[in-house]
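Number of protein chains: 2
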Amino acid sequence: MALAKKHSKEDVLHHLRHAILTQELQPGADLDEARLSEEWHLSRTPLREVLRQLAGEGFVEIRANRGARVAEMSHKTLRDFFLAAPMIYGAILRLAAQNATAPQIADLKAAQTAFKTALRGGDIAARALANNHFHDVTGRMAGNVYLLPSFQRLLIDHARISMTFFRPQDAEMAENLNAASDQHDAIIAAIEAGNDDAAADLAIAHWNLSRDRIEQFVMPAGLDLQLGTGTAPE
Amino acid sequence: MALAKKHSKEDVLHHLRHAILTQELQPGADLDEARLSEEWHLSRTPLREVLRQLAGEGFVEIRANRGARVAEMSHKTLRDFFLAAPMIYGAILRLAAQNATAPQIADLKAAQTAFKTALRGGDIAARALANNHFHDVTGRMAGNVYLLPSFQRLLIDHARISMTFFRPQDAEMAENLNAASDQHDAIIAAIEAGNDDAAADLAIAHWNLSRDRIEQFVMPAGLDLQLGTGTAPE
DNA sequence: ATATCTATCATTGCATACAATTTGTGTACA
DNA sequence: TGTACACAAATTGTATGCAATGATAGATAT
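Chains as they are written, first to last, in the numbering used here: chain U, 3 to 236; chain H, 3 to 236.
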């Protein structure tokens, strides 16, 4: 897996980021320096620096003398998330519509194409990563150094939350995803037209859709069975 | 200066943060690993980790194979700053008013007392640090993990911009500072009363005041002399 | 005189060895 | 049986030496 000698530090960074975004490494998972350094054929010194950098980006948390763990997610996290997301994302998309350059718009379209491909492909992790990349591009379009740090953290947990709350069997959820894809298309159109009001509105709508998806999961319709009986009531 | 063996890593962190906030270390200044490690009696390994951590917090920038520098500030920075600040800070103060606990309010009052003392003391750097601490406390009151990263970056450059654009001789600027102090008092009152609308409004007003102070500096009234003559016109 | 190539120097990056801290386990004693 | 203490093991933190990379200056050729 990890034989390339040259950029192995970057490789670890990318791998860990992906693994955390896709929940291959779950929140709270222990990141052992010694194990990782063996696994990636890298000494502990640069590996510790990688973990420090990931901590700065919000992927992991480091406690003194107690090592690194994948950043936790709690109930409070969800609330904080949906409180902050519409505002930050609205601002990002508004600025993106104002400032996007032609090559950036090309990037965004490519990201959306990849997202649609991933949608058809059915690999949940690939979807989450593609979606993450789409939004990441909008962040760079906005180009505001003060907004970016919060936005990036939102994107991390957006991916993780999606992975947590996604039920592949559910038809309603599939429909929801198609709606999300359509919104991406609308977002691209608004940005390309430089219509910042429309872009900001779409941001809100997009996050509301996410919220609906999660509400479906957190507060499902009650099971139509009584515990311990194994038969439907009445 | 640095003889305590025990927490020297933390010491370096604090020192560098302060030095950067007060512009003792100016934007773009080179941070040499070897020099710092001698100066603080610490080997290069932990010192590099300190620099990595500061990079994550937005104090410094690291370029591969080319070392660390104090984070730059450009013209664009100022624009980005005043674009993002009212929104983020408004949100922070709104949440602070909703969520502040009694001990946090006590902290905030203590911070404001210290700020007033610093105002009278006349040490510009001390003022900037005291002001920074006041706002930092409001950030913790808000307690939203997604908003905090952007807020902290705003605070870093708020301190640095203040240090850059402050003219101690100017009477108008002294008056402006008193107004800022009064706003701090009003902010405390709004938070203590749990009045989130008022807190959010005060946030906007507070940043507008900052903007006025900087506009005075960036766009001063033209000098009443003609270049090259040495005499007043007319 | 200018430009380019090369050799040397300074600085950063990585690996290994060692020290310190924390965690886990066993045992003695109430 | 439960608690406290002490020792052992595992893991993190730090120091130092060496390798690799980028900057600088000098020499040579055009």
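Glycine is no exception: its CB is placed at the ideal position from the N, C-alpha and C atoms.
Cβ neighbour criterion (16 or more within 10 Å) applied to residue i
i: Val220/U; result: exposed
i: Gly92/U; result: buried
i: His186/U; result: buried
i: Ala144/U; result: buried
i: Leu18/U; result: buried
i: Asn146/U; result: buried
i: Thr140/U; result: buried
i: Arg244/U; result: Past the edges of chain U, shown from 3 to 236, lies residue 244/U, and the structure says nothing about it.
i: Ala234/H; result: Low local confidence applies: a pLDDT of 47 at Ala234/H is under 50, so the model's placement there is unreliable, and no value is given.
Between the CA atoms of residue j and residue i - distance to the nearest angstrom
i: Ala161/U; j: Ala205/U; result: 16 Å
i: Leu80/H; j: Asp159/H; result: 9 Å
i: Arg37/H; j: Arg169/H; result: 33 Å
i: Glu194/H; j: Leu97/H; result: 12 Å
i: Glu177/H; j: Asp199/U; result: 38 Å
i: Phe83/U; j: Glu40/H; result: 43 Å
i: Ser183/H; j: Gly123/H; result: 14 Å
i: Ser10/U; j: Phe61/U; result: 19 Å
i: Met89/H; j: Ala132/U; result: 29 Å
i: Thr119/H; j: Ile126/H; result: 12 Å
i: Ala192/H; j: Ala104/H; result: 14 Å
i: Gln25/H; j: Leu23/U; result: 37 Å
i: Asn101/U; j: Arg142/U; result: 10 Å
i: Pro222/U; j: Leu121/U; result: 24 Å
i: Ser45/U; j: Glu35/U; result: 9 Å
i: Ala66/U; j: Gln171/U; result: 43 Å
i: Ile163/H; j: Ala173/H; result: 19 Å
i: Ala21/H; j: Ala188/H; result: 30 Å
i: Lys78/H; j: Lys78/U; result: 35 Å
Contact set for residue i: own chain, Cβ-Cβ below 7 Å, skip 5 residues either direction
i: Asn157/H; result: A quick correction: the sequence has Leu, not Asn, at residue 157/H. Result list for Leu157/H: Asn134, His137 and Asp138, in chain order.
i: Arg155/U; result: Gly60
i: Phe167/U; result: Arg215, Ile216 and Phe219
i: Leu179/H; result: Leu121
i: Ala207/H; result: Gln185
i: Arg213/H; result: Phe84
i: Thr241/U; result: The structure shown does not extend to residue 241/U, since chain U is modelled only from 3 to 236, so the question has no answer here.
Beta-carbon gap between residue i and residue j smaller than 7 Å
i: Met175/U; j: Ala130/U; result: no
i: Pro151/H; j: Ser152/U; result: yes
i: Ala181/H; j: Leu211/H; result: yes
i: Ala99/U; j: Gly196/U; result: yes
i: Leu27/U; j: Ala202/U; result: no
i: Gly58/H; j: Gly58/U; result: yes
i: Ala116/U; j: Trp209/U; result: no
Cut-off 6 Å between Cβ atoms - residues of its own chain near residue i, not counting five sequence neighbours on either side
i: Glu63/H; result: Arg71 and Ala73
i: Leu85/H; result: none
i: Leu33/H; result: Ala70
i: Leu15/H; result: Val52
Contacting residues, own chain, Cβ-Cβ under 8 Å from residue i (five flanking each side not counted)
i: Ile190/H; result: Ile107, Leu110, Lys111 and Gln114
i: Gly30/H; result: Arg71, Val72 and Glu74
i: Glu236/H; result: Its pLDDT being 43, under 50, Glu236/H is placed unreliably by the model, and the measurement read from it follows with that caveat. Counting only Cβ-Cβ distances below 8 Å, and skipping sequence neighbours, we find nothing.
i: Ala128/U; result: Ala120
Segment contact, 8 Å Cβ cut-off, at least three pairs: the region 40-58 of chain U with the region 45-54 of chain H: yes
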